[in-house]
Amino acid sequence: MLKKDIARLALVCCLLSLLDGCKALPENVEKKASFALRDTESTYLGEVFGPQLAARADQSGVLLLSDGLDAFVGRALLAEKAERSIDVQYYMFHQDTVGQLLIHSLIRAADRGVRVRMLIDDMYGAEADGVWTALDSHPHMEVRLFNPFIRGSSKNMQFVTRLSDVNYRMHSKSFTVDNQATIVGGRNIGDEYFDADKNLAFADIDVLAVGPVVPEVSRAFDQYWNSSHAYPASILTAPAAPEVLPALKVQLENFRQQGAAKRYIAALTDSHLARSLRAGTTELSWGQAQVIHDSSEKKERGENWQKELLISQLWPYMKTTTEELLIISPYFVPGEKGAEALCKLSEKGVKVIILTNSLASNDVSAVHAGYSRYRKQLLRAGVILYELDEEIKKEVRKRFTWLLGLSKSSLHAKTMALDRKAMFVGSMNLDLRSLNINNEIGILFFNEDVAGKSARIFMDNIDKVAFRVELDDSGSLRWKTNRAGRQIVLEDEPYAGFWTKISVWLIRQLPVESFL
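Here the sequence shown stands for residues 2 to 517, where the numbers follow the working numbering.
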């Protein structure tokens, strides 16, 4: 390209940026502050779990939700039993089978007079603006979009003109009912997270919790809900016409009768979890627990912003492990400091075990560019690395209770087991974006039965669905696994095509690691 052409291109980009910059988010936004409801012990959920809580002072009860159907049933049943409030916070909320069924449940709760607050990150929010404004028109529902893009302006161009703003995303996920029960974890709302997509499923995990930990989640939600970064949906676009909400209700009611929804409707009646939640017999595991989350103002980088990070609050527990630290993170980019910290733990005698996606199974291959530069350093320090096997997981079709659905999944769960005594389940990946940029949340709970069983099941099954990455005598990487009793050793990125490898190599040459 000639210098004149380059200059013209630069001029065009500048002009487009100026034109795009003329548009802005609404100013002086009027919105009413609201907070989680207190004194909800007399609600259905309060009375169901009250006797168990009374017998266990200061303890929280937890139930791991690994199965996609159970994860849906948990949310839908809590909404069905809601009497006073539902608070919903998600990074993505698709308008597919699971999304529409849950919206139907939320509308039905609002029609009963339940206050419903929905806070959705705006990374993909504009795709459903019509739905959000329709729900926002309900007298008992409010929808706010977090850190929104400017409507009527190119989203891609805003990544140029407003990068310092739109780069920060609310990645937190929680579903809290009557301030008595909450579901926190890695799942967004979409078919691929709830085993409803035949072609893709993310192996994921949530935790359903009751007890003192629930008001902590509510306080975190309130902080985000009342943040200056949360905009009412109807302010970003025109408010919905009066006939839109009734039409949406009819559409959703009709959708419930279609084939795609039948399996989930049936699970709401027939599944063990549904029956136990209705009967108040759900068996929970009990122990001390705490919510750890980023501030809603994380992007402002205040004076103590690094101390307030989720990872800064979690690391003291990680670094005091003495025997084993098991980490599952689909996107794993530890950065120089993180890699060094994990290496020191391993060299101190802690068995550090990490499962992440392989290049072939990763749905964001660019992340692999950031991760791959740390593999040899970690392995030399004795860290044990596993990468999900894209081919073997299809053949084995092994379902185990911590990470179900691995027969056709990309790994999406974000969890840790610490010395088989405590577990962390949340939305945070161990990558630089989650650690330093995105807003995240999770629950750390102390229960040796849950943590120990989960770790044992993981170790008993990991070789069936993942490669163990090792260094050979020459210091080169190799991938080992067993298939039909026969050991397989590969000397190159398993099942990854030439162009995929080239693209990862090219990305490694760019200064983009902090965005991954």
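We put the beta carbon where it would ideally sit given N, CA and C, even for glycine.
A quick note: this is a predicted structure, and the numbers were derived from the prediction, not measured.
Tell me whether residue i is buried or exposed, calling it buried when 16 or more other Cβ atoms sit within 10 Å of its Cβ.
{"i": "Q181", "result": "buried"}
{"i": "N440", "result": "buried"}
{"i": "N483", "result": "exposed"}
{"i": "S43", "result": "exposed"}
{"i": "S165", "result": "exposed"}
{"i": "R398", "result": "For R398, the predicted model reports a pLDDT of 40, less than 50, meaning its position is unreliable; a value from the coordinates is still stated below. That one is exposed."}
{"i": "A8", "result": "At A8, the pLDDT of 49 sits below 50, so the modelled position is not reliable and the matter cannot be decided from this model."}
{"i": "V505", "result": "buried"}
{"i": "L311", "result": "buried"}
{"i": "W500", "result": "exposed"}
{"i": "G486", "result": "exposed"}
{"i": "A248", "result": "exposed"}
{"i": "V365", "result": "exposed"}
{"i": "Q101", "result": "buried"}
{"i": "R421", "result": "buried"}
{"i": "K415", "result": "buried"}
{"i": "R118", "result": "buried"}
{"i": "W403", "result": "Confidence is the limiting factor: at W403 the pLDDT is only 39, short of 50, which leaves the residue's position unreliable, though a coordinate-based value still follows. Buried, since its Cβ has 16 or more Cβ neighbours within 10 Å."}
{"i": "Q90", "result": "buried"}
{"i": "D59", "result": "exposed"}
{"i": "V144", "result": "buried"}
Using only the heavy atoms of the ligand SAM, determine whether one of them is closer than 7 Å to the beta carbon of residue i.
{"i": "L412", "result": "Only the bare structure without any ligand can be found here, which leaves the ligand SAM out of the picture."}
Is the Cβ of residue i closer than 8 Å to any Cβ of chain D?
{"i": "A234", "result": "The structure shown has no chain D; it contains just one protein chain."}
Compute the distance between the beta-carbons of residue i and residue j, then report whether it is under 8 Å.
{"i": "L346", "j": "L315", "result": "no"}
{"i": "A241", "j": "S138", "result": "yes"}
{"i": "M124", "j": "I190", "result": "no"}
{"i": "R376", "j": "L478", "result": "yes"}
{"i": "F176", "j": "A290", "result": "no"}
{"i": "I328", "j": "I293", "result": "no"}
{"i": "L343", "j": "V470", "result": "no"}
{"i": "K299", "j": "Y169", "result": "yes"}
{"i": "V214", "j": "V451", "result": "no"}
{"i": "S173", "j": "S428", "result": "yes"}
{"i": "L389", "j": "L360", "result": "no"}
{"i": "D207", "j": "R188", "result": "yes"}
{"i": "F147", "j": "M171", "result": "yes"}
{"i": "W287", "j": "L120", "result": "no"}
{"i": "W480", "j": "L491", "result": "yes"}
{"i": "V351", "j": "T323", "result": "yes"}
{"i": "A210", "j": "S106", "result": "no"}
{"i": "A234", "j": "W133", "result": "yes"}
{"i": "A370", "j": "I508", "result": "yes"}
{"i": "G443", "j": "F459", "result": "no"}
{"i": "D205", "j": "T98", "result": "no"}
{"i": "R434", "j": "F333", "result": "no"}
{"i": "V115", "j": "S86", "result": "yes"}
{"i": "V245", "j": "A77", "result": "no"}
So the alpha helix (DSSP H) residue i belongs to, where does it begin and stop?
{"i": "V513", "result": "It is not in any alpha helix (DSSP H) - V513 carries neither H nor E in the DSSP assignment."}
{"i": "R163", "result": "Per DSSP, R163 belongs to no alpha helix (DSSP H) and is neither H nor E."}
{"i": "L311", "result": "311-320"}
{"i": "A55", "result": "45-55"}
{"i": "G153", "result": "Neither: G153 is in no alpha helix (DSSP H) and is coded neither H nor E."}
{"i": "V368", "result": "366-373"}
{"i": "K377", "result": "376-381"}
{"i": "R39", "result": "Careful: R39 lies outside any alpha helix (DSSP H) and carries neither H nor E."}
{"i": "N29", "result": "N29 -> no alpha helix (DSSP H), and no H or E assigned at all."}
{"i": "L431", "result": "Segment: none, L431 is in no alpha helix (DSSP H) and carries neither H nor E."}
Per DSSP, what are the beta-bridge partners of residue i in this structure?
{"i": "H294", "result": "I442"}
{"i": "N168", "result": "N168 is not bridged to any residue."}
{"i": "E471", "result": "R479"}
{"i": "S175", "result": "Q90, V185"}
{"i": "S61", "result": "G288"}
{"i": "E325", "result": "K352"}
{"i": "Q488", "result": "N483"}
{"i": "V215", "result": "BP columns for V215 are empty, so no partner."}
{"i": "L501", "result": "It should be noted that the sequence gives Thr, not Leu, for residue 501. According to DSSP, T501 bridges with nothing at all."}
{"i": "I190", "result": "F94"}
{"i": "M417", "result": "I328, F425"}
{"i": "D207", "result": "L66, G186"}
{"i": "L412", "result": "A204"}
{"i": "F447", "result": "A423"}
Can you give me the start and stop residues for the beta strand (DSSP E) that residue i sits inside?
{"i": "Y387", "result": "385-389"}
{"i": "G342", "result": "Note on residue identity: the sequence assigns Ala, not Gly, to residue 342. Not the beta strand (DSSP E): A342 falls in the alpha helix (DSSP H), residues 336-348."}
{"i": "I354", "result": "352-357"}
Q. Which residue spans inside the region 229-305 form an unbroken alpha helix (DSSP H) run of at least 4?
A. DSSP runs (the alpha helix (DSSP H)) wholly in the region 229-305: 234-237, 245-256, 260-271, 273-280.
**Q.** Inside the region 68-147 only - alpha helix (DSSP H) runs reaching at least 4 residues
**A.** Taking only runs of at least 4 residues, the alpha helix (DSSP H) segments lying wholly in the region 68-147 are 69-82, 98-112, 130-137.
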